[in-house]
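To start, the structure itself, in structure tokens.
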Amino acid sequence: MKQQQEKLGIREYVCIAFLMIGMKGTEDTPSMLFSHVQNAAWMIPLLSGGLFFIPLFLLLKTLSLFEDKNLFEVIQLLLGKYIAFFISFIIFCLNTYAISLDTRTYTNIIRAYYFTTTPILVLYGILMVVCVYAAKKGIQRIGSISYILIFYVALSFFFAFWLSMKDSQFESIFPIWGPGTLELLKAGPLGIGLWGEFFILASLISFMTSFKDFRNGTWIAFGCVVIQLSLATMLFIALFDKGLSVIGYPFHVAIRYISIGEFLPNIETLFFPIWLSAAFIRFAAFLFINALIFGHLFNIKEYQYLIPSLATIYLLIGMIPETPIDVALLKEPLRYVAGPTFAAISIILWLSAWFKGEFKHAKNKKNM
Amino acid sequence: MQKIKKTCNLLLLLSMVFLLSGCWDRAELENKSYVIGLGIDRSKDEGKIKVTMLIANPEVGSVQGGGGSNEKPREIITFDAIDVITAKSTANAVISREISYELLKVIIVSEEFARDKRFLPTLYTSLHDKEIRLDTFLAVCKEKAYEYFQNNRPRLETRPHKYFQYMIEHGIDNGYIADSTLFRFIKTIERGTDLALAMYTTAEREKNPPIKGEDEYIAGQLNAFGELDDTQFIGSAVFRNGVMTQILTGQETRMVNILDDTVDIHDILINMPDPFSERQQQIAARILKTENNTFKMDMKGAKPKITITIPLKFEIMSNPSMVNYVKGGKNRQILKKHIAAHMKTTFESFLKNTQTKLKGSPFPLSRYALKYFATNQEFRDFNWEKSFLEAEITVKPDIEIIDFGKQLMPQKGGSK
Amino acid sequence: MRKKRSLIKPLKLLSKTFNTQPHFVEQSNQQEIEIKKQKISRNYKKNLETFKTLYSIPDNIDVKTREFTIASLNRQALVIYLSTMTKLAYIQTGIIDDLVENQDPDRSIPDIVSHPLVRTVEVIEDILQGINSGSAALFVDGDNKCYLFDTVEIKSRGIEPPKNEVIVKGTKEAFTEKVIDNIALIRKKIKNENLIVEFKVVSKRSRNDVFLVYEKDLVDGELLQTIKDKLESLDTDSIADLSILEQYIEERPRSLFPTILYTERPDRAASFIEEGHITLLMDNSPSCLVLPATFWSIFHSPEDHYLRTPYGNFIRLLRIIALFVALFTSSFYIAITNFHVGMIPPDLLMAIAGTRERVPFPSIIEVLMMELAFELIREAGLRVPSPIGPTIGIVGALILGQAAVQANIISPIIIIVVALSGLSSFIIIDVSFNFAIRMTRFLLILSAGFLGIYGITAVLIIGLFYLGSLKSFGTPYFAPMTPYFLSSRDLLIRHVPMKDRFRPGYLKPKDVVRRRKG
């Protein structure tokens, strides 16, 4: 199978990153942020984005030493085989946990608002089947299709935001500091968990056309997603005020409420397919990256055949919690752990590269 | 490769079987019964409510030309139930098709039940149903809800959803009734610091109602007669802590709607006392509100000071005292000052009323105070509900008269 | 694939017992093949006998032989030709007259005969090929070479306007069955010596010729070699038509979507050649194949470019909208009325519910029935004899639909939905793509009936990924949009021709620039 024939260009990469992480604003993340810091929730993406800037920067610097080697190969080179295996395994487990819960969350959303009587297994199964098919085609296809879809996804999100401006009052954002600066700081690590995916996107370097593209793409995507998440949260606070604490999935409640004039009262059916397409792409990319990690852990070259089996495992794990409340409860520890773990790993990598003198080697290479 | 293709084809064929059987959420359009209006009353049984459903008949009035049927345009059913959601299945003992709340336009609560503590929990239960949307309107009616639906027989709109749609839409445009979608209502209640409003309606006309200023009625007081339906939508019900307390007249509701920037009112036609008339005649004017109000608050000090600037544009439409507004700007100045003074006194007395009688602001005033505080805790310490009652509120109407009507010179034939 | 081996073995055994190759008896013509591989003899009589047996003269009535003596050289000569494929006058004046009237005994045959000489051949197989193509073969006693003269005249229809790809503004010429005319149509649009017309014989029994037309200094050498190899590897008795050749050479013959462009317009072919594509032409096919083809080549129409920029963009946007309407209208209707009822405006909902009350079938069955009926009417309308053609159209479409509504078999809104989706599929001009859309539409209807919008979106995403992974001779289907290649970016919106600067990068042309800046 000639999978690696073409490379991911910067356009496709930015679109994948944007769809993967920008979708967070459309599930339960804004509510979760609101439940911790109330009306200052829109600040969390910005603040934690600023906080995560440092580990990300260090990570990119470390990776720039080893052009064209993806994240896991770099971990192996810097930390030795056994520690690298251990760390990669942790990353893999965190990812597995995250994907199972996320897919289950999305299935819950679909079930709660659109298909109330259909059994969860059917909805979940179809989600997984489509994502497996998409992931098996390879990351280049995922990139291409996300490049085609990004325009419409962004357009529909902006359209939804614009329509809900009529009923939103931006004064609800005040008082500015919400529960107080102390609370905001405490929510810092929570916020870092939002950006964990940028870390694992580094495993796609070997598919990129050049490291420079990857680095520029990551910064562009990071900036866009930080702004988008913060804007989305701000808008939901403006729209729902204190009601956001009881609403689990603000995006869907919002699109059920807004309307275009009198003649078309409920337009959620227009936004739903676009949201769904973005969700498919998100999980397809996740599945692919996870299969990549697994393949690297156990030295499997043709990792794309792992994708159906991995997807089945995620489906089975995702079916374990019985109600959406269980899912939310299970997600809480993950959010606190994931972000700082990834940040810590980036810093460890950078430190080990520094101590090993890799930077000096790189400088010498450049001077030579 | 061939074998894989064969197994794939087999799987495809199997899935075709599923596809054609149609599953779970699939339901044919015409198998459902669409509830347009829901009425909630207090039931004699403790712990239960009386649910009334107004069901529309899709066949009536829908087919152009041919296919007209002799069926009634609507069906009303009332019974006792525990909550609105389980009522759906109980109703199927009488109604032939599956009940659906997809087209629910209005939830009408009797005044009696709105004053009950159980009203709010019942309303919240209704939000759990996926089919009830947040843009459903909430209204309070004077009599019992089932009586309301039975007496409400619009002459010109055969299809019930159209009637409610038009009445409520135009009522809000005119400012006579509060814009009380479930969304706004719940938002205000969740915020907790302001009073929520719901529109007020009735299908019973008061016997011998007094004649007041044209918007100073509440529903049922307007003595309109002829070949018409008795249902009236004027005024609003005030909710404090989830329980109904007072009723605002149409005029007061209009004032709230002018003060509230989030309500989308169109131009309002009112009458005002004519300053040049000795016989207390009234000028007809049209008020246009095109910009938002500005709220300035001074939170320091013993009593908070609130200054509200309301920019309004006036069109003078009648001239009963035959004053010449063209010659000499003096007349126009007098009129402008008079209007400003009139507006100021009306608004300030209304706001005083809200502080004393209603004990809260019926429009989201507390939101404008938020930006003067740094954290939520500070705002909670400030205790808006108490501070509002002691606040000094000044209203500064910013009047601009943009039109004096078509006739610039007064008629010769008018009497002075 | 490898991990499924354990499953495959027992399946293989099973299928072997069930699928046996049919037994048949073959007659061997090894002897004839041997004869054809030999060269002709110098003996006049022997040649005559050989060819009489090969051609089954006198059973074969249109194979004519003309024996005569060339007086000046005192030798006997024989001309064999197919009277139905040759112009007798050429043979008469060009060959026989010259030979008969020749006075000079020292001149050689090629100098005597004035008619253009195609080639001289010795092997019988090649001579047979020449005669079968319409050339006249001249055998002279004592000469071991045979002279083939180009005397082909085949009647075919003249150059007419295209029937399937009709446009309003632009040339109205279409290819005909005569490949010489077709090549002429292309040559007159590209008057360049680098326009190469290559010739290949692809089948064994019918010996159909395929012509490759390309511009030598633009086309990618690798692509050309791949195609030539592919044509040479075809191992079959006859390939009757270009459309059958298309099925032989395309990479995924069972795929729903076409990967080679099939067009009957020479202007389209010429514009693709100028970009760096390769076109294939065949005798007896009023069309040409253009490869490699991307989604955009198939989707765009030449009319977009002939009209002025605003109008061209309007037509293109209309076509995009028509694509979506054709694919999604029926499925969207089913999804909304069965699963997401809240989306319909209340008045419309009441109207639909009111008219559907008396209809016996569920919406899916209604829609499938009407779609099927529409397809039947469409195919029937194509083949109806012309006197009653228009009448059937009116009867079929309008009156049957109206009658069905009044008989309460279907509701009136279904007619609008199905008619809309059917008519908009006509805006797609490519024949294969049209079928692809029509068939995908059914798949979408079924998925909408299963899970509403979720089903439609799932099928849409799977379809997009499938299309994204299609490759036409190494070019991804959606190139140059993604993966990104340098091109003139004429994808969704068409720019003014002055901005059209680059050739599509995915063809790897030798010269990428169409127009230098400034």
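Protein chains in written order, with the working numbering: chain H, 1 to 368; chain Y, 1001 to 1416; chain V, 2001 to 2518.
Don't be surprised by glycine CBs; every beta carbon is placed ideally from N, CA and C.
- What runs of the alpha helix (DSSP H), each 4 residues or longer, lie entirely inside the stretch 2101-2143 of chain V? 2109-2112, 2124-2133
- Task: Given a cut-off of 8 Å, decide if K1117 (chain Y) and T1078 (chain Y) are closer than it, judged by their beta-carbon atoms.
- Result: no
- Query: With S1110 (chain Y) and D1041 (chain Y) assumed to form a contact (beta carbons below 8 Å), what rounded beta-carbon distance in angstroms separates them?
  - Reply: 5 Å
- Task: Taking a Cβ distance cut-off of 8 Å, strictly less, list which residues of the stretch 2476-2498 of chain V are near chain H, in chain order.
- Result: P2476, F2478, M2481, T2482, P2483, Y2484
- Query: Helix or strand or just coil, what does DSSP make of Y106 (chain H)?
  - Reply: helix
- Query: Using the C-alpha atoms, what's the distance from F57 (chain H) back to P2480 (chain V)?
  - Reply: 33 Å
- Query: Count the other CB atoms within 10 Å of the CB of Y1101 (chain Y); is the residue buried (16 or more) or exposed (fewer)?
  - Reply: buried
- Alpha-carbon to alpha-carbon, N266 (chain H) and S2424 (chain V): 27 Å
- Query: When the cut-off is 8 Å and only beta carbons count, does G2449 (chain V) lie next to chain H?
  - Reply: no
- Item | Contact list for the stretch 178-201 of chain H against chain Y, Cβ threshold 9 Å | G178, P179, G180, T181, E183
- Query: Taking Cβ positions only, does M2350 (chain V) come closer than 8 Å to chain Y?
  - Reply: yes
- Task: Using the Cα positions of G2381 (chain V) and T2176 (chain V), report the straight-line distance between them to the nearest angstrom.
- Result: 24 Å
- Query: Is the Cβ of A2458 (chain V) closer than 8 Å to any Cβ of chain H?
  - Reply: yes
- S146 (chain H): buried (16+ other C-beta within 10 angstroms of its C-beta) or exposed? buried
- Task: Keeping to the same chain, check which residues put their C-beta closer than 6 Å to that of E1390 (chain Y); ignore five residues upstream and five downstream.
- Result: K1303
- Item | Length-filtered (3 minimum) beta strand (DSSP E) runs lying within the stretch 1186-1266 of chain Y | 1196-1202, 1232-1240, 1243-1248
- In this structure, what does DSSP give as the bridge partners for M1272 (chain Y)? Y:I1283
- Item | Proximal chain V residues relative to A134 (chain H), where beta-carbon distance stays under 7 Å | I2461, F2465
- Item | Close Cβ partners of G1175 (chain Y) (< 6 Å) along its chain, the five nearest in sequence each way excluded | R1254, N1257, I1265, I1268
- Confirm, please, whether the CB-CB distance from L2281 (chain V) to N2182 (chain V) is below 8 Å. yes
- Under 8 Å between C-beta atoms, does Y152 (chain H) make it to chain V? no
- In the structure shown, what three-state DSSP assignment does D1403 (chain Y) receive? strand
- Determine the contact status of I2334 (chain V) and S2363 (chain V), defining contact as a CB-CB distance below 8 Å. yes
- Task: Anything in chain Y within Cβ reach of V2431 (chain V), meaning under 8 Å, just list it in chain order.
- Result: Result: empty, since nearest Cβ-Cβ is about 25 Å, beyond 8 Å.
- Message: Could you compute how far the alpha carbon of G1065 (chain Y) sits from the alpha carbon of S2411 (chain V)?
- Response: Confidence is the limiting factor: at G1065 (chain Y) the pLDDT is only 49, short of 50, which leaves the residue's position unreliable, though a coordinate-based value still follows. Answer to the nearest angstrom: the Cα atoms are 15 Å apart.
- Task: Using a Cβ cut-off of 7 Å, pull out every chain Y residue sitting near P2346 (chain V), in sequence order please.
- Result: L1103, H1161
- Query: So who's on the other strand from V2210 (chain V), going by DSSP bridges?
  - Reply: V:K2200, V:M2282
- Query: How would you call L2507 (chain V), buried or exposed, if buried means at least 16 neighbouring beta carbons within 10 angstroms?
  - Reply: buried
- Might you give, ordered along the chain, the residues of its own chain that have their beta carbon closer than 7 Å to the beta carbon of P2483 (chain V), omitting 5 neighbours on each side? P2476
- Write down every uninterrupted run of the alpha helix (DSSP H) in the stretch 254-304 of chain H whose length is 4 residues or greater and which is fully enclosed by it, in chain order. 268-297
- Alpha carbon of A353 (chain H) to alpha carbon of D2511 (chain V), nearest angstrom: 46 Å
- Taking 8 Å as the CB-CB limit, is L1134 (chain Y) close to chain H? yes
- Item | Any chain V beta carbon closer than 8 Å to E1169 (chain Y) | no
- Message: Taking DSSP's pairing of strands, which residues face A1340 (chain Y) in a bridge?
- Response: Paired residue(s): none; A1340 (chain Y) is not in a bridge.
- What are the boundary residues of the alpha helix (DSSP H) that includes D2430 (chain V)? Looking at the DSSP string, D2430 (chain V) is not in any alpha helix (DSSP H), and its letter there is neither H nor E.
- Message: If you follow the beta strand (DSSP E) that S1110 (chain Y) is in, where does it begin and where does it stop?
- Response: 1106-1110
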